[in-house]
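Numbering-wise, the sequence shown is residues 450 to 619 according to the working numbering.
All C-beta atoms in this analysis are idealised placements derived from N, C-alpha and C, irrespective of residue type, glycine included.
Keep in mind it's a predicted model, so treat the numbers as computed, not measured.
Structure first, then comments.
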Amino acid sequence: MKSNKGTGLRWVYGVPDQLMFTLAKMYGLFEDFGNRVDPETIQELEQEIAACRPVVSIGSGEDPIMNLGRIMVQEAWTMAACVYLYKGLCGANSLDARVVKIQKVFMRLSGGVKCRRNPDSFLVLPIAILGVAATCPADRTALLTRLWGVSECKRPGTVGNGIVRVLNDI
Numbered sequence: 450m451k452s453n454k455g456t457g458l459r460w461v462y463g464v465p466d467q468l469m470f471t472l473a474k475m476y477g478l479f480e481d482f483g484n485r486v487d488p489e490t491i492q493e494l495e496q497e498i499a500a501c502r503p504v505v506s507i508g509s510g511e512d513p514i515m516n517l518g519r520i521m522v523q524e525a526w527t528m529a530a531c532v533y534l535y536k537g538l539c540g541a542n543s544l545d546a547r548v549v550k551i552q553k554v555f556m557r558l559s560g561g562v563k564c565r566r567n568p569d570s571f572l573v574l575p576i577a578i579l580g581v582a583a584t585c586p587a588d589r590t591a592l593l594t595r596l597w598g599v600s601e602c603k604r605p606g607t608v609g610n611g612i613v614r615v616l617n618d619i
């Protein structure tokens, strides 16, 4: 699926459709092979992830701040997919150079966009993946602070609150 027309799953989770297919493929590979996926397949997946570019609507009625948030969310999903690829399918740990590099880029990206309900409510799931990879206490604190600003993350018994509790306990 190469078409970026329409909103697809972006309106629900912020993840581009093409990347959702890649994530599903990675999940299937993990179920079948664990972290013993051949290097050629890893390289193909890296290329598929890299090919996922942010999709935004540009028009006279579009809010540029909202578009910046949309780009950030889609980039966060791309980075989360890379971390899932390296940690899940390659067996890397959080100190692996590839994971550390992605984590640093994400922290720089998230630091450049103000905490608000939108985009933060769309960042809950990517932060769950990227937060597990965070080794620096300051980074984890920054991610938790961002999540605490989302009402669903404050409410006990919700998925968002569960994610916050997991990241807090790591």
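Point to revise | Simplified DSSP state of Glu-511, which is helix, strand or coil | key: For the purposes of this step, residue 511 is taken as residue 62 along the sequence shown, with counting starting at 1. Three-state DSSP puts Glu-511 in coil, outside helix and strand.
**Study point:** Proximity to Leu-468 [Cα-Cα], best of Val-486, Gln-496 and Pro-488
**Key:** As a position in the sequence shown, residue 468 is number 19, starting the count at 1. Comparing alpha-carbon positions, the option among Val-486, Gln-496 and Pro-488 lying closest to Leu-468 turns out to be Gln-496.
Review point. Where Lys-474 and Thr-490 are concerned, what is the direct C-alpha to C-alpha distance, given to the nearest angstrom?
Key: In the sequence shown, counting from the first residue as 1, residue 474 sits at position 25. In the sequence shown, counting from the first residue as 1, residue 490 sits at position 41. The straight-line gap from Cα to Cα measures roughly 11 Å.
Exercise for review: Apply the 10 Å Cβ neighbour rule to Arg-566 and answer buried if 16 or more other Cβ atoms are within range, or exposed otherwise.
Suggested key: Translated into positions along the sequence shown, residue 566 becomes position 117. Classification of Arg-566: exposed, given that the 10 Å Cβ count is below 16.
Point to revise | Host alpha helix (DSSP H) of Ala-591 (start-end) | key: Numbered from its first residue, the sequence shown carries residue 591 at position 142. Residues 586-597.
Exercise for review: Give me the Cα-Cα distance between Cys-602 and Cys-539, rounded to the nearest whole angstrom.
Suggested key: The residue given as residue 602 occupies position 153 in the sequence shown. The residue given as residue 539 occupies position 90 in the sequence shown. Taking the straight line joining both Cα atoms gives about 30 Å.
Review point. Where Arg-557 and Thr-471 are concerned, what is the direct C-alpha to C-alpha distance, given to the nearest angstrom?
Key: On the sequence shown, residue 557 is found 108 positions in, with the first residue counted as 1. On the sequence shown, residue 471 is found 22 positions in, with the first residue counted as 1. The alpha-carbon atoms of Arg-557 and Thr-471 are separated by roughly 25 Å.
Check your understanding: Excluding five sequence neighbours on each side, which residues of the same chain lie with their C-beta closer than 6 Å to the C-beta of Cys-501?
Key -> Position 52 of the sequence shown, counted from the start, is the residue given in the question as residue 501. Closer than 6 Å at Cβ, skipping near neighbours: Pro-465, Gln-467, Leu-468 and Thr-527.
Review point. Going straight from the alpha carbon of Pro-605 to that of Val-599, what length do you get?
Key: Stepping through the sequence shown from its first residue, residue 605 is reached at position 156. Stepping through the sequence shown from its first residue, residue 599 is reached at position 150. Roughly 12 Å between the two C-alpha positions.
Practice item. Give a yes or no on contact between the stretch 510-526 and the stretch 475-483, applying the rule of three or more CB pairs nearer than 8 Å. Key: For the pair of segments examined, the stretch 510-526 was found not to touch the stretch 475-483: the number of CB pairs separated by less than 8 Å stays below three.
Check your understanding: If we count Cβ pairs, one from each stretch, closer than 8 Å, do we get three or more for the stretch 503-510 versus the stretch 543-558?
Key -> Too few Cβ pairs lie closer than 8 Å, so no.
Practice item. Tell whether a beta-carbon distance below 8 Å holds between Asn-573 and Leu-596. Key: The residue given as residue 573 occupies position 124 in the sequence shown. The residue given as residue 596 occupies position 147 in the sequence shown. Before going further, note that residue 573 is Val rather than Asn in the sequence given. It is a contact, given that the beta carbons lie within the stated cut-off.
Exercise for review: Check whether the Cβ atoms of Ala-541 and Tyr-535 sit closer than 8 Å, and answer yes or no.
Suggested key: Residue 541 sits at position 92 when you count from the first residue of the sequence shown. Residue 535 sits at position 86 when you count from the first residue of the sequence shown. For Ala-541 and Tyr-535, yes; Cβs fall inside 8 Å.
**Study point:** Environment of Asp-512 [buried if 16+ CB atoms lie within 10 Å]
**Key:** Sequence index remark: in the sequence shown, residue 512 carries index 63 (1-based). Counting the other Cβ atoms within 10 Å of the Cβ of Asp-512 gives fewer than 16, which makes it exposed.
Point to revise | Val-608 burial status per 10 Å Cβ neighbour count (16 or more: buried) | key: Locating residue 608 in the sequence shown gives position 159, counting from the first residue. By the 16-neighbour rule on beta-carbons within 10 angstroms, Val-608 is exposed.
Review point. Using DSSP with H/G/I as helix, E/B as strand and the rest coil, what is Ala-582?
Key: Within the sequence shown, residue 582 is the residue found at index 133, counting from 1. Assigned with DSSP and collapsed to three states, Ala-582 falls in helix.
Point to revise | Cβ-based neighbour list, Tyr-644, same chain, cut-off 8 Å, excluding 5 preceding and 5 following | key: Residue coverage of the chain in this structure runs from 450 to 619, which leaves residue 644 outside it and unanswerable.
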